[in-house]
Amino acid sequence: MSNQIKKVTIIGAGFTGRQIAARTALYDYNVCLYDIKEEVLEDVQEFLKKFFRPKSKRDKRKNVYLENNISKAMEDVDLVIEAIPEDVELKQKIFSEIDKLAPEHTIIGTNSSSYPVSKIESAVKRKDKVLNIHFYPPIPLRPMVDIMKGTQTSDKTFEKGKKWIQSIECTPLVVKKEIMGFVFNRIWRAVKREAIHMWANGNADVETIDTAWKIFTGMNMGPFELMDGIGLDVAYNVEMSYYKESKDPKDKPPDKFTEKIEKGELGLKTGKGFYKWKSF
Ligand SMILES: NC(=O)c1ccc[n+]([C@@H]2O[C@H](COP(=O)([O-])OP(=O)(O)OC[C@H]3O[C@@H](n4cnc5c(N)ncnc54)[C@H](O)[C@@H]3O)[C@@H](O)[C@H]2O)c1
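Numbers 650 to 929, taken from the working numbering, label the letters of the sequence shown in order.
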């Protein structure tokens, strides 16, 4: 296996894929950003222009190129990170395609927020070279990345992945034993679940819970403000995926929360969630 990672291809140029590509380009890797949609690649130009505008970053723009031909995207690649929508069948399909086209030594990572790579690895022959490599956008504000093995991932692949994460000045969050939610999302999810249940049971108001969180942690936003920003539909889907996994009634989102989703109170993007928002 070649020991050096030189070329990195990101599959999916959406919200997270483009951020991973830009971050990687800053550290002098040869970065290919691939998407199936031509319009996404057009849109990404604007993002890259803004990202590399500061003088300190300007000459790094040349490290990233856009591609809509997957065979070309796989040429001489050392590390592939998949960042396509959160659908396990779609991810298996793209993993299988990558496996057929990429050089033998190439590591394939998934940025999935919820699927362990063990649920995707059946699609590839190189089961020793797959990883979960999960980012927390916005990456400049949250430079940490979960890294987790599949059932047959080799130590060599894991070490190589870890070193690559460090090389782009992110902290690797090592998952020692497979768990849904990896390291930080799992902790964050426990906070959200407790907060939502306390609100739904009438134990405390959202303002009180957010205030307590802000005073204690020194953060400028509480769990409800953060959930409103992310989107309550997203938070709901995450809660449901944990519930489906555990089948524990305590994990089921309370009816009061479900009603909010049904009413279209999705947070910042609809002007109302746990709070009312003026600009959206
Ligand atoms: N949004 C977040 O905050 C966040 C955070 C961490 C991880 N993730 C994970 O990252 C992944 C992507 O999420 P996102 O929010 O960036 O999604 P997104 O919808 O913004 O982007 C997905 C992109 O993939 C492209 N795509 C779809 N099918 C493709 C294919 N077969 N080949 C190439 N490109 C394809 C789409 O055109 C789109 O541009 C998901 O697995 C998600 O769980 C998201």
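C-beta: ideal position from N, C-alpha, C; glycine also. As the structure is a computational prediction, the values presented were derived from the model and not from experiment.
In this structure the stretch 873-886 lies against the stretch 838-851, because at least three pairs of beta carbons, one per stretch, are closer than 8 Å. Pairing Ile719 with Tyr683 gives a Cβ-Cβ distance under 8 Å. For the pair of segments examined, the stretch 746-760 was found not to touch the stretch 898-913: the number of CB pairs separated by less than 8 Å stays below three. Sequence-distant Cβ neighbours of Lys655 in its own chain, meaning closer than 7 Å and more than five residues away, are Tyr678, Asn679 and Asp727. The stretch 782-793 makes no contact with the stretch 859-870: fewer than 3 CB pairs, one atom from each, lie closer than 8 Å. Looking at the DSSP output, Val794 bridges to Phe784 and Pro821. Spatial neighbours of Asn712 in its own chain (CB-CB distance under 7 Å, excluding positions within 5 residues in sequence) are listed in chain order as Ala674, Asp677, Tyr678, Asn679 and Val680.
The bridge partners DSSP lists for Gly758 are Ile730 and Leu780. When rounded, the separation of the alpha-carbon atoms in Pro821 and Lys805 is 15 Å.
For Ile747, the number of other beta carbons within 10 angstroms of its own is at least 16, and it is reported as buried. For a cut-off of 8 Å, the C-beta gap from Lys825 to Ala884 is around 27 Å, too long to register as a contact.
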